[in-house]
Structures are given as structure tokens and as C-alpha cells.
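Q: Numbering (our numbering), first residue to last: 3 to 312.
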């Protein structure tokens, strides 16, 4: 029974199927808001699903220069990791008693796997532009991970635990971490880091359509490209949920709190989409200076304030 329950959680709800559906709907919100900002109508709600189904039916073309195993396996690894992160987050929000010691550390590590898998997959493609995109992805990963981890530690310091259950219980008793001074600073820095983790403008440097013609994704096609895009959609779903869980009291499913949880999610998504549509792309050296400079300093300030009880 436990194995069947775990498989259901991972494959159906709140795992792959649920995360994919909500993730694709989130990408539709992204495209719709982007269209409105640009004075366009935008696509219908089912467009991301139609695009995914179409790609799944297309042929996967493998470059002659590619290392076949790494090239094809890495998108699947990234998708599995994104799904696992989503499953853990939703399970602890649905039933905090199923949390375990150190689950925050586990989720943080798992959320780095999609980026690492993209780096390996792009490097295995043998395409010079793909390899350049992988190089940029690696530099970007090293840039934003440090301030992101420090911001997460800000919440850990306030609560005194690496467990999602304890963080949710603390916020239920003492108010959400976001409304504290250290919480506000950490939340702002985390949004910038999430923007980079999703390679959204201004940090879409690894893909850079106008420079690298897709960069790290350039050689993917057909079902492999569908898996890559599904991976990105699920991560777009996971990161706002992670921020809500850590800083904003988690997601509740009782009564009117369901609507509150949806509003929290939509607010974070819209903020990220507006950031994406109102900024130019930065160079990789500018991104590294940004995360190792102002963002690192702010994250350190946040954790010091948390230690002081602010």
C-alpha cells in the first residue's frame, strides 16, 4: 500500500501529471501576460498543451556529433528531478507530518539537477552554440546558488530547523516570515535567483535566442524538446510553491484559504513575468557581478537580521 501510494504521489498527484498540467497552465499565464504587455491578444489556454502534444509526436533528430546517451538521457533526468521536487513540496503542504528532517536541503539539491542536466545534455550535443550555452548556464548556476542558499538559511535561522514541517508550524504560530525585515529582503533576493534558475529575462543568457539561436536547447527536437520544455514548465511551477512554503506560510487547502493560496501563487508568477518583460538581457559577466555583489550582500544582511530576531 505504501509503495502504491508513493507511486501515485509521484506519477499522478501531486507528481508528474498534476505538476505538468499546472506548469503548462503557468506558462500560458506567462505568455498571456507577455502578450498584454505588448498589446497583443495572446494564445488560448490550451496552446501549451497543444504545443507539447505536437512535439511529442515529432521525430527526435540526433546530431551526428552528439554523444547519444548523455544527449537523450539528461532531459529525462531533469524532468524526474523537477517532478520529485514538486512532489515533496506538495506532500509536505498537504500533510506536514510527512515531512522529514533535512527535507529543505534535499529539495534545494534536487532543484539544481535540472540545470546540471541541461548543462550535460547541451555539452553532449556537440554543437558549438549548445556548448557555449552550457558554459553560460554553468556560470549562471554558480552565480545565483550562493545568495539563494543564504536566503533559505535566513528562514532556517529564524525557525531553527531544516524541516518544512517546523517552518510551516512556525509561520502558523508567529506569522509569515515574509512580513519580517529579514524575510522581505530574503524573499526579494530569492525572486531574482528564481528568475535566473528559470533562465528568464534578464538572465536568459544560456538560451539567448538572438545570439545563440536557443543555446543549450539548440539541438533538441521532437519528444526530447517536449521533455525539455515540460521540465522548464514544472520548474516554473515548483519555484513559486517553494517560495510560498519557505516565506509565505505555505499552501492551505481548508475553506477560503485555498483562494488565498492561489492568489499567493499568481502574485509571484505575475511578478516574475513582469520582470521578464520589462528588462533587457544582461551579459554573463554582469549577471555574475550582480549575484556575487548586491544579491550576496543583501542575502548576508538578511541572515544577520534573522539572527538578531528581525
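Note that beta-carbon positions come from the ideal geometry of N, C-alpha and C, so glycine has one too.
Roughly how many angstroms lie between the CA atoms of residue 75 and residue 123, to the nearest whole one?
A: Those two C-alpha atoms are separated by around 8 angstroms.
Q: Cβ of residue 208 within 9 angstroms of Cβ of residue 142?
A: Their beta carbons are under 9 angstroms apart, which means residue 208 touches residue 142 by this criterion.
Q: Assign residue 296 to buried or exposed, taking buried as 16 or more other Cβ atoms, counted over all protein chains shown, within 10 Å of its Cβ.
A: Exposed, because fewer than 16 other Cβ atoms sit within 10 Å of the Cβ of residue 296.
Q: Considering only C-alpha positions, which residue in the set 194, 81 and 47 is nearest to residue 19?
A: Comparing Cα-Cα distances from residue 19 to each of 194, 81 and 47, the minimum goes to 81.
Q: For residue 170, which residues from the same chain have a beta carbon less than 6 angstroms from its beta carbon, with the 5 sequence-adjacent residues on both sides left out?
A: 98 and 252.
Q: Go through its chain and collect everything with a Cβ distance to residue 167's Cβ below 6 angstroms, but skip five positions before and after it.
A: Result list for residue 167: 98 and 101, in chain order.
Q: Can you give the beta carbon distance from residue 237 to residue 22, rounded, assuming they're within the 8 angstroms contact cut?
A: With 8 angstroms as the limit, residue 237 and residue 22 do not qualify as a contact, their Cβ atoms being about 11 angstroms apart.
Q: Whose C-beta lies closer than 6 angstroms to the C-beta of residue 60 among residues of the same chain, with five residues either side of it excluded?
A: Same-chain partners within the cutoff: 224.
Q: What does a CB cutoff of less than 6 angstroms around residue 125 pick up in its chain, not counting 5 residues either side in sequence?
A: Once the five neighbours on either side are set aside, the close Cβ partners of residue 125 are 133 and 136.
Q: Note down, in chain order, each residue of its chain lying with its Cβ closer than 7 angstroms to the Cβ of residue 79, except the 5 sequence neighbours on either side.
A: Around residue 79: 115 and 119.
Q: Residue 36: which of 51, 305, 202 and 67 sits nearest, CA to CA?
A: Nearest C-alpha to residue 36: 202.
Q: Assuming residue 163 and residue 65 are in contact, meaning their beta carbons sit under 8 angstroms apart, how far apart are those beta carbons, in whole angstroms?
A: Between residue 65 and residue 163 the Cβ distance is about 47 angstroms, and since that is not below 8 angstroms, they are no contact.
Q: For residue 305 and residue 312, what's the separation of their Cα atoms in angstroms?
A: Whole-angstrom Cα-Cα distance: 10 angstroms.
Q: Per DSSP, what kind of secondary structure is residue 202 in: helix, strand or coil?
A: DSSP places residue 202 in coil when its eight states are reduced to three.
Q: Nearest CA to the CA of residue 151: which residue from 310, 301, 182 and 94?
A: If we check each option's Cα against that of residue 151, 301 comes out closest.
Q: Check whether the Cβ atoms of residue 49 and residue 38 lie closer than 9 angstroms to each other.
A: Cβ distance not < 9 angstroms, so residue 49 and residue 38 don't count as in contact.
Q: Please identify the residue among 177, 90 and 286 whose C-alpha is closest to the C-alpha of residue 145.
A: Comparing Cα positions, the closest option is 286.
Q: What does the alpha-carbon distance come out to for the pair residue 57 and residue 69?
A: Those two C-alpha atoms are separated by around 22 angstroms.
Q: Along the chain, which unbroken stretches of the beta strand (DSSP E) at least 3 residues long are found entirely within the stretch 53 to 97?
A: Runs found: none.
Q: Only counting runs of 4 or more residues, tell me where the alpha helix (DSSP H) segments fall wholly within the stretch 208 to 259, in order along the chain.
A: 211 to 214 and 224 to 249, all fully within the stretch 208 to 259.
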